[in-house]
Every structure is written in C-alpha cells, then in structure tokens.
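**Q** Take a look at the following structure, please.
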Amino acid sequence: MFKTLKYSVTFPSTGRTLQRELDLTKGLTQITGANEQGKSFVIEMMRFALFGTSALRGTSEDYKTLQLTAEFDLRGENYRVERQINKAKLWRNQELVATGVKPVNQKLLSSLGFGLDVFDISCVTNQGDVERLGNMLPAERKRMVDQVIGVDRIDTVTKWVSEQASLAGKEIEVLEKHMGSEPQTPVAPEDLQPIPDLEGQLVTLKEQQQLQSQLKGWLSVGKPEPKLPVEPDVPSAAVLNEQLAQINAWEVEYKRIKTLQVIDFDPEQIRLEWDLFDQAGRRAAFERDNPRASITRETAEEQIALHGKLKEQAVYTAKLEQLGKAPHADCPHCQTRFSLEHQAIADYKFLLTELGNLPQPSLSLADLADQVRRIDNWDRDVIQKTWAEVSQFPLEAARPQATRESLARAAGAVHISVQDKMLFDLGARPDRTPIEQALRTRQAYEAAKHIYDRDIGPYDAWMAEKAVKENELAKLQLVDDALAHVERQLKIARDYEMQLTMHQKAHAAWTATSAVVSEKRVELEGWKQARLFLVEMRSRIKTYLVPSLSKVASWLLTRMTGGQRNSIVVDENFEVTVDGQPLGTLSGSGKACANLALRLGLGQVLTNNVFPVFIGDEIDASMDDDRAQKTQDSLGLLVDRISQIILITHKSPSAGTILEF
C-alpha cells in the first residue's frame with residue numbers, strides 16, 4: 035500500500051503547476067473537491083511511481099519538469115522511489131537497490147509480479163471506466179482477461195512449443211532417412227598384397243619401362259652410313275684459284291683502261307685557239323668601250339667656235355628686229371625720218387658685218403661634245419697604254435671546237451689513240467667459265483671428303499652403341515606385362531583401402547547421426563511434455579479463475595448492494611449473469627455495482643493480494659446517494675481483504691480518511 039506521495043509538475047503548454055504531498059493510511063481514503071483540482075492526477079502519479087513513463091497520459095515533453103517521491107509497502111517490505119522523466123532511484127528497506135529508469139522499472143516489475151495492464155484491471159478504475167468490463171462482448175472480455183492473466187502468452191508459448199516439437203520430429207525423420215541402415219564392413223579380396231610393397235614394385239617397373247621407352251626412342255632414330263666421294267680429274271684448287279686470279283687481274287686492268295678519261299683533240303692547239311679568241315674579244319670590248327673621235331681636237335674647237343658665232347649672229351639679228359620696232363622721228367633740219375634707236379641699230383649692223391657670211395657646222399654641239407670626250411679619253415695614259423697592248427691582238431678569231439670544260443678535263447686524260455694502244459697490248463678477254471666449273475667440282479669433292487672424314491668415326495661408334503642398346507632392349511621385353519599386373523593389384527588394394535576408409539567414415543557418421551537422433555528423440559519428448567504441461571496449466575488457470583472470480587464477485591456484490599443482488603456467475607466463455615440476468619441488460623447503479631464487483635474480484639484473483647490496493651475514480655457517478663453510501667460502506671468492509679482503498683468522489687464522504695482538494 036502507498037504510504038506517502040509527493041509530486042510536482044508544470045505543464046509547458048498551459049503553465050499550470052500541479053503539486054501535492056500526501057500521507058496515505060491503511061483503510062478507506064476518500065479524495066473530494068471541485069473539478070480541475072488534480073484529483074485524478076493522483077492516480078496517474080501512483081501509476082507513474084510504480085511503472086514509469088508508460089503510465090503517463092501525455093508525452094515526455096509535457097512532463098519534463100516532473101519530480102516524484104513515493105513510499106509504499108510491498109510483500110512486507112518498505113520501498114521508496116524517486117523519479118523524474120529520465121532519472122530514477124529505488125530503495126528497499128532504506129537500501130539503494132536500483133538506479134536508472136530501466137533498472138528501477140525492472141526491479142519493481144520483478145517485485146510486483148505483474149505489469150501496468152494487470153494493475154489497471156485489478157487495482158484501478160479510472161473515471162468513466164467502471165462499466166468497461168460489462169460493455170464488452172463476451173469474446174472481448176475473454177480476450178482481455180486472457181491477455182491480463184497471461185493465457186494468451188501461454189497459448190503463444192504452446193504454439194511455439196508445438197512448432198518446436200514438429201521441427202524436432204521432422205529433423206528426426208530427415209536424419210533417419212539420410213543415415214539409412216548401418217554400413218556393412220567390405221570383404222577383403224584374394225591375394226591382397228600390402229600397398230607399400232606394390233608401390234615399390236611399381237616404381238621399379240616404371241623405371242624399367244622408362245628405360246625401355248628411351249632405348250626404343252634412341253634406336254628409332256637411324257644414322258646413315260657415310261659415303262666416300264670419288265676424286266674428279268681437275269687441277270687442284272690452288273692452281274684453279276691462281277688462274278682465276280690472273281683473269282681477275284685482266285678484268286681489273288681492262289676496266290681501268292676503259293674508265294680512263296680520253297680526248298680526241300690536241301690540248302695545246304685548243305688552248306692557243308682559246309687565247310686568240312679571248313684576245314680578239316678583249317680588243318673588241320676595248321674598242322667598244324673606248325670609241326675613237328672622227329675629227330681632230332682642232333676641228334672640234336673650230337666647229338664649236340662656229341657654233342658660238344652663229345649664236346651671236348642670231349642674237350644680233352633678233353636685236354635688230356626688236357630695235358626696228360622702236361619709235362621714229364623726223365629730223366628738224368632735213369626733215370628725214372629716223373628711228374630713235376638708230377645708233378644702236380648701226381652698232382648691231384656693224385657687228386653683223388664683222389661676222390660676215392658664216393657656214394653651217396657639220397656636227398651638232400652634242401656630237402661635238404661626244405667627239406671632245408672621245409678625244410679626252412684617248413689622251414689618257416691608261417688608254418694609250420692599254421691600246422698599245424690590245425692593238426697587237428687579232429681583230430677576229432674563230433671559236434675553238436673544244437669547250438673550255440673539255441680543255442679543263444683534259445688535264446688528267448689521255449688521247450684516244452693511247453687508250454686504243456693500251457687495249458691492244460692487254461690482249462683478248464680470257465674465258466673464266468670452264469675454270470669456275472672446275473673449281474666448283476674440286477670444292478664439292480673436298481667438302482664431301484671433309485664430311486666423310488668427320489662422320490665416319492662417330493658412325494662406327496654409334497654402330498657399336500646400337501648393338502649394346504639392342505641387347506638391353508631384348509632384356510626388357512616383359513616389363514609392360516609385369517607393370518600392368520602390378521597396377522591391377524595396386525588398384526585392387528587401393529580400392530579396398532578406400533572402401534574400408536569410406537566404411538569407417540560412413541559408420542562413424544551413422545553412429546554420430548544415430549546419437550543425434552537419440553538426442554532429438556529426447557528433445558522431442560521434452561517438447562511434447564512441455565506442451566502437455568502448458569495445456570494442463572491453461573486448463574487449471576481457467577478452472578481456478580472462473581469459479582473464484584464468480585465467488586469473490588458475488589460476495590462483493592452482496593456487500594455493495596446491501597443484499598439486493600447476491601450472485602454473479604461467469605462461465606468459461608465469460609458470459610456474465612447477475613442473479614440470472616445478463617450483465618448487459620442491467621442499468622444504473624446495479625450495473626455499476628456489478629461491474630465494480632467484477633473488477634474488484636478480478637483484482638483479488640489475479641494479484642493474490644500481492645499489492646492489496648484499490649483506487650476508484652468517481653465509480654459512484656451513476657449511483658444515487660443511498661447506493662453510493664452503501665457502495666462506500668461495502669468498500670469499507672473490504673479493508674480486511676484490500677488493505678488500502680482510495681476513492682475519488684464528488685459525493686459527500688462520510689467514512690474513512692477524507693482529503694479535501
């Protein structure tokens with residue numbers, strides 16, 4: 035039973051704070067007060083004290099400031115629990131036994147022996163929840179009670195045990211099918227020899243067979259007998275090579291003569307002709323570049339002076355023409371008309387008279403200037419010196435028939451007549467074909483003779499070795515048959531050994547599987563016994579529960595109704611009748627009393643008074659004052675069975691401890 039309860043919480047959404055510090059006693063305690071004073075919150079805090087956050091109606095965020103301390107007696111021991119949303123501590127008889135939310139929850143669950151679902155059915159009736167049992171269909175009531183008392187868990191375990199038994203049976207069936215009958219020991223063959231002896235014989239015979247194969251391989255490759263070649267009737271190679279060397283020398287000399295540079299002209303004559311040709315060209319170039327004057331210097335000067343006089347004559351004549359246009363006047367004495375420039379006119383006429391009749395020059399001033407330049411050029415010493423040299427050169431010379439390039443190449447050349455003389459002295463070309471044929475014949479003979487000399491010795495040795503190997507091969511004629519016989523015997527011995535090994539493994543596996551089958555049979559029997567036990571336990575629980583529930587509920591109903599109703603019968607299908615009338619047909623306080631009696635009775639049966647507490651929230655809401663009073667009185671009479679009864683009510687309490695909120 036609860037002894038003290040202290041809590042404080044501020045809800046963040048509303049800012050409202052609920053806090054109480056209650057001292058609770060044995061017997062009937064009634065909590066009353068106006069609405070919204072936190073009366074029902076007391077029940078929530080009691081549930082939270084025992085079962086943690088799973089008992090809260092909101093989220094952890096709503097209760098983040100919650101702090102609770104509760105003290106209660108359980109199974110004759112004193113417990114104190116301190117809780118916050120994420121912290122918890124538990125003391126038993128003033129000794130700290132658990133720290134942390136999960137350890138505290140597990141410790142209390144172990145001490146109570148039941149969880150929140152059983153507590154809510156057997157110890158708590160929340161506001162508006164009195165008739166929940168009665169309003170359920172029988173199947174729903176049965177399922178709920180089965181869940182609360184753990185029958186559904188028994189059914190689940192029974193199903194699982196049945197499945198394990200089925201699996202064990204199938205395993206036994208598979209194992210027995212797989213292992214078959216006990217393996218039989220194989221029979222040893224006749225003339226069985228030890229495998230090591232046969233393997234030794236096999237190694238020896240294989241070595242002999244390998245030697246036989248090597249001998250056959252060696253003898254299968256024949257060696258031809260060397261043949262002595264016949265010496266040909268030709269000179270020796272030295273003589274023939276000397277003859278070929280002479281022919282090669284003739285060919286080299288012939289090639290040298292034929293590749294000589296030859297000319298068909300006299301180089302000295304051609305060189306003289308080119309000198310004369312060059313001199314004539316030089317003279318012609320000099321005369322072209324330095325032409326002579328066609329007149330003498332005196333004639334040129336006379337011609338130039340004549341050109342000057344002619345120019346003066348033209349000037350005087352032009353002046354006279356100009357003066358002739360001057361004004362005229364009459365002489366006052368003689369009345370003769372005269373020009374005002376008569377004196378100048380007379381002067382110019384005199385000058386013209388002095389010049390006389392001038393002939394026309396034969397050359398123009400430009401030609402005279404060219405003649406003077408030529409005369410001046412020829413008066414230079416360098417021209418006179420050069421002319422003294424080139425004047426000795428011929429005026430003309432024919433171009434030589436041979437070119438300068440031919441003349442330049444003629445330095446290392448010989449005249450064609452000299453080449454012809456050298457070829458004549460060398461003589462006719464010798465024929466090398468018969469000599470080369472004879473040399474090839476001689477060389478082929480000498481090569482064949484060399485091969486014969488090289489091979490005849492090894493051939494004689496090979497013939498001697500062949501005779502030895504043929505003798506060895508004759509001794510190994512029966513090795514193949516002997517090897518085949520030993521291989522057959524070895525295969526028989528190995529097959530028997532393998533059969534024996536397989537038998538041993540198979541027998542060991544059969545023995546092991548047989549042991550597993552025996553273990554599985556024991557396991558199967560255990561599963562069968564467990565299933566029978568669970569079925570029996572379920573039957574006993576139901577056999578005990580239903581009559582006990584009917585008996586306790588009837589006793590409680592009689593007390594609460596003052597004897598107006600006396601019987602509650604619950605059958606195996608959880609059909610409920612009250613004094614023979616179906617529970618669902620009742621109404622008002624009668625139905626409330628019947629439901630309350632069922633709840634109290636179920637709590638007594640389920641918890642076996644481990645935690646003899648009942649908390650009711652407005653369970654008398656549908657009752658009149660008289661029925662409510664009788665219910666209170668009846669509950670007060672239950673304190674010998676339920677040590678602590680806490681009622682939250684709006685009725686006027688008249689018994690027990692009263693707490694006003």
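Residue numbers (the working numbering): 35 to 695.
We put the CB at the ideal spot given by N, CA and C, even for glycine.
According to the Cβ coordinates, are ARG81 and LEU143 closer than 8 Å?
**A** On the sequence shown, position 47 is the one that residue 81 refers to. On the sequence shown, position 109 is the one that residue 143 refers to. Not closer than 8 Å, so no.
**Q** Check the DSSP bridge columns for PHE648 and list the partner residues they point to.
**A** The count along the sequence shown starts at 1 and reaches residue 648 at position 614. Its beta-bridge partners are ILE679.
**Q** Do LEU56 and LEU30 come within 8 Å of each other at the CB atom, strictly closer than that value?
**A** Lying outside 35 to 695, the shown extent of the chain, residue 30 is not represented and no answer is given.
**Q** Between LEU100 and LYS121, what straight-line distance do the alpha-carbon atoms span, to the nearest angstrom?
**A** Position 66 of the sequence shown, counting from 1, holds the residue named residue 100. Position 87 of the sequence shown, counting from 1, holds the residue named residue 121. Computed Cα separation, rounded: 11 Å.
**Q** If GLY650 and THR159 are in contact, beta carbons under 8 Å, what's the gap, nearest whole angstrom?
**A** Translated into the one-based positions of the sequence shown, residue 650 becomes position 616. Translated into the one-based positions of the sequence shown, residue 159 becomes position 125. So it is a contact: roughly 5 Å between Cβ atoms.
**Q** Inspect the beta-carbon positions of GLY521 and LEU236 and report whether they are closer than 8 Å.
**A** In the sequence shown, counting from the first residue as 1, residue 521 sits at position 487. In the sequence shown, counting from the first residue as 1, residue 236 sits at position 202. The sequence shown places Glu at residue 521, not Gly. In this structure, LEU236 lies closer than 8 Å to GLU521 by Cβ.
**Q** Alpha carbon to alpha carbon, what distance is there between GLN453 and THR467?
**A** For the purposes of this step, residue 467 is taken as the residue at position 433 of the sequence shown. For the purposes of this step, residue 453 is taken as the residue at position 419 of the sequence shown. Straight-line Cα distance between these residues: approximately 27 Å.
**Q** Excluding sequence positions up to five away, which residues of its chain have a Cβ less than 7 Å from the Cβ of SER677?
**A** Reading the sequence shown from its first residue, position 643 is the one you call residue 677. Contacts found: MET35, LYS60, PRO646.
**Q** What's the C-alpha gap between GLY358 and ALA380?
**A** In the sequence shown, the residue the question calls residue 358 occupies position 324. In the sequence shown, the residue the question calls residue 380 occupies position 346. One C-alpha to the other measures close to 11 Å.
**Q** Is it the case that the Cβ atoms of VAL448 and VAL286 are separated by a distance below 8 Å?
**A** Position 414 of the sequence shown, counted from the start, is the residue given in the question as residue 448. Position 252 of the sequence shown, counted from the start, is the residue given in the question as residue 286. It is not a contact, given that the beta carbons lie outside the stated cut-off.
**Q** Which runs of the alpha helix (DSSP H) spanning at least 4 residues fall entirely within the region 391-436, listed in chain order?
**A** 399-412, 415-424
**Q** Counting pairs of beta carbons, one from the region 126-144 and one from the region 627-634, are three or more of them closer than 8 Å?
**A** With the cut-off at 8 Å, the region 126-144 and the region 627-634 do not touch.
**Q** Smallest Cα separation from LEU524: which of ALA501, GLY624, ARG555, GLU233?
**A** For the purposes of this step, residue 524 is taken as residue 490 along the sequence shown, with counting starting at 1. Closest option to LEU524, Cα to Cα, is GLU233.
**Q** Can you tell me which of the three DSSP states HIS684 falls into?
**A** As a first step, residue 684 is located in the sequence shown; it is residue number 650 there, counting from the start. In the three-state reduction of the DSSP assignment, HIS684 falls in the coil class, being assigned neither a helical nor a strand state.
**Q** Would you report the Cα separation of LYS585 and THR93, rounded to the nearest angstrom?
**A** Position 551 of the sequence shown, counted from the start, is the residue given in the question as residue 585. Position 59 of the sequence shown, counted from the start, is the residue given in the question as residue 93. About 41 Å.
**Q** Between the C-alpha atoms of ILE206 and GLN638, what's the straight-line distance to the nearest angstrom?
**A** Here residue 206 refers to the residue found at position 172 of the sequence shown. Here residue 638 refers to the residue found at position 604 of the sequence shown. Computed Cα separation, rounded: 47 Å.
**Q** Quick one: what's got a C-beta closer than 7 Å to ARG528's C-beta in the same chain, skipping five residues either side?
**A** Within the sequence shown, numbered from 1, the residue matching residue 528 stands at position 494. Once the five neighbours on either side are set aside, the close Cβ partners of ARG528 are ILE229.
**Q** Within 10 angstroms of its Cβ, does GLU388 collect 16 or more other Cβ (buried), or is it exposed?
**A** As a working mapping, residue 388 is identified with position 354 in the sequence shown. Exposed: under 16 other Cβ atoms inside 10 Å.
**Q** For VAL696, I'd like the list of residues in its chain whose CB is within less than 8 Å of its CB, leaving aside the five on either flank, ordered along the chain.
**A** The requested residue 696 is not part of the displayed model; the chain covers only 35 to 695.
**Q** In terms of residues, what are the limits of the beta strand (DSSP E) holding ILE65?
**A** The residue labelled residue 65 in the question sits at position 31 within the sequence shown. Per DSSP, ILE65 belongs to the beta strand (DSSP E) from 61-66.
**Q** Let me make sure I understand the geometry here. Which of THR192, ALA508, PRO263 has the alpha-carbon closest to that of ASP487?
**A** Counting from one through the sequence shown, the residue named residue 487 turns up at place 453. When only C-alpha atoms are compared, the closest one is PRO263.
**Q** Bridge partners for SER42 per DSSP, in chain order?
**A** On the sequence shown, residue 42 is found 8 positions in, with the first residue counted as 1. GLN53, GLN101.
**Q** Sort LEU130, MET213, ALA202, GLU116 by Cα distance to LYS539 and report the nearest one.
**A** Locating residue 539 in the sequence shown gives position 505, counting from the first residue. It is MET213.
**Q** For CYS368, count neighbouring C-beta atoms within 10 Å of its own C-beta (all shown protein chains included) and say buried if the count is 16 or more, exposed if not.
**A** Taking the sequence shown and counting its residues from 1, the one referred to as residue 368 is at position 334. Under this definition CYS368 is an exposed residue.
**Q** Please list the terminal residues of the continuous alpha helix (DSSP H) segment that includes HIS341.
**A** Here residue 341 refers to the residue found at position 307 of the sequence shown. Counting along the chain, the alpha helix (DSSP H) containing HIS341 begins and ends at 331-357.
**Q** Any contact between the region 242-258 and the region 502-514? By contact I mean 3 or more CB pairs, one from each, below 8 Å.
**A** yes
**Q** I'd like the list of long-range same chain contacts for ILE188, defined as Cβ closer than 7 Å, with 5 residues on each side in sequence excluded.
**A** Within the sequence shown, residue 188 is the residue found at index 154, counting from 1. Once the five neighbours on either side are set aside, the close Cβ partners of ILE188 are LEU568, MET571, ARG572.
**Q** Return helix, strand or coil for GLU197, following the three-state DSSP convention.
**A** Residue numbering aside, residue 197 sits at position 163 when the sequence shown is read from its first letter. DSSP places GLU197 in helix when its eight states are reduced to three.
**Q** Given a cut-off of 8 Å on the beta-carbon distance, is the pair PRO217 and HIS541 in contact?
**A** Counting from 1 along the sequence shown, the entry for residue 217 is found at position 183. Counting from 1 along the sequence shown, the entry for residue 541 is found at position 507. Against a cut-off of 8 Å, the Cβ pair of HIS541 and PRO217 comes out as a contact.
**Q** Less than 8 Å separating the beta-carbons of GLN64 and LEU681?
**A** Within the sequence shown, residue 64 is the residue found at index 30, counting from 1. Within the sequence shown, residue 681 is the residue found at index 647, counting from 1. Their beta carbons are under 8 Å apart, which means GLN64 touches LEU681 by this criterion.
**Q** For SER373, report the span of its beta strand (DSSP E) as first-last.
**A** Residue 373 sits at position 339 when you count from the first residue of the sequence shown. Start and end: 371-373.
**Q** Restricting to runs no shorter than 4 residues, where is the alpha helix (DSSP H) found entirely within the region 281-330?
**A** 301-323
**Q** For the region 592-607 against the region 660-668, do three or more pairs of beta-carbon atoms, one drawn from each stretch, fall closer than 8 Å, so that the two count as touching?
**A** yes
**Q** Is the CB-CB distance between GLU116 and THR103 below 8 Å?
**A** Mapped onto the sequence shown, residue 116 falls at position 82. Mapped onto the sequence shown, residue 103 falls at position 69. Yes, the pair counts as a contact, with Cβ atoms nearer than the cut-off.
**Q** What residue does the alpha helix (DSSP H) around THR475 start on, and which one ends it?
**A** Sequence index remark: in the sequence shown, residue 475 carries index 441 (1-based). That run of the alpha helix (DSSP H) goes 467-509.
**Q** Can the beta-carbon of ILE653 be found closer than 8 Å to that of LEU630?
**A** To locate residue 653, count along the sequence shown from 1; it is residue 619. To locate residue 630, count along the sequence shown from 1; it is residue 596. Result yes, Cβ atoms of ILE653 and LEU630 sit closer than 8 Å.
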